[in-house]
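First the structure, in the form of structure tokens, and then the observations on it.
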Amino acid sequence: MFPSLDLADCKAKRETVYFLDPLPGHRVVDEEAKNIVNSAIKIYNSHIGRAGRKAVIWKTLSGTPKQPSSVECGYYVMRFMRDIIMDPSLAFENKYAKGNQEASYPQEAIDEVRNEWAEFVCQIIEQGNY
């Protein structure tokens, strides 16, 4: 679907999708992935009985921290998700806007999601829910 691991955050009621890409350089959203998300929003609108817009708004947030090589994408996407969830104001659109670019996450930020993920997996294994 996406050429690498990216994050698309969808605000269905506003019919807006935010594309967060940790790889350096400007990339466009894969058309197949875009069609799937657009269809999901249309189904949602139909389910709640709303006409919706003609076209879903797609915004690429180019100010996201960039991963230093091609192997950190999973950790970067997990960090994006963590930052979005932990921000009560949900101001990620401004935080990751063009011009607010952070070169890359500090190693401590990546280690934080690695540790949280490892703790979660250990809990699942201990509970026998795998």
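Residue numbers (the numbering used here): 69 to 198.
Beta carbons are placed, not taken as given, at the ideal position from N, Cα and C, and that holds for glycine.
Quick caveat, the model's predicted, so the values are computed rather than measured.
query                                                                                                                                                                    : result
What's the gap between the Cα of residue 180 and the Cα of residue 159?                                                                                                  : 21 angstroms
Report yes or no: do three or more beta-carbon pairs, one from the region 96-106 and one from the region 135-151, lie closer than 8 angstroms?                           : no
What does a CB cutoff of less than 8 angstroms around residue 172 pick up in its chain, not counting 5 residues either side in sequence?                                 : 133, 134, 135 and 136
By how many angstroms is the C-alpha of residue 184 removed from the C-alpha of residue 177?                                                                             : 11 angstroms
Is any beta-carbon of chain D found at less than 8 angstroms from that of residue 155?                                                                                   : Protein chain content of the structure displayed is limited to a single chain, and chain D is not contained in it.
Should residue 121 and residue 161 be called a contact, given that it needs their Cβ atoms to be closer than 8 angstroms?                                                : no
Distance, Cα to Cα, residue 164 vs residue 113?                                                                                                                          : 27 angstroms
For residue 198, which residues in the same chain have their Cβ closer than 8 angstroms to its Cβ, ignoring the five residues on either side in sequence?                : 192
State buried or exposed for residue 85, treating a residue as buried only when at least 16 other CB atoms are found within 10 Å of its CB.                               : buried
Sorted by chain position, which residues of the same chain lie with C-beta nearer than 7 angstroms to residue 167's C-beta, five sequence neighbours on each side aside? : 131
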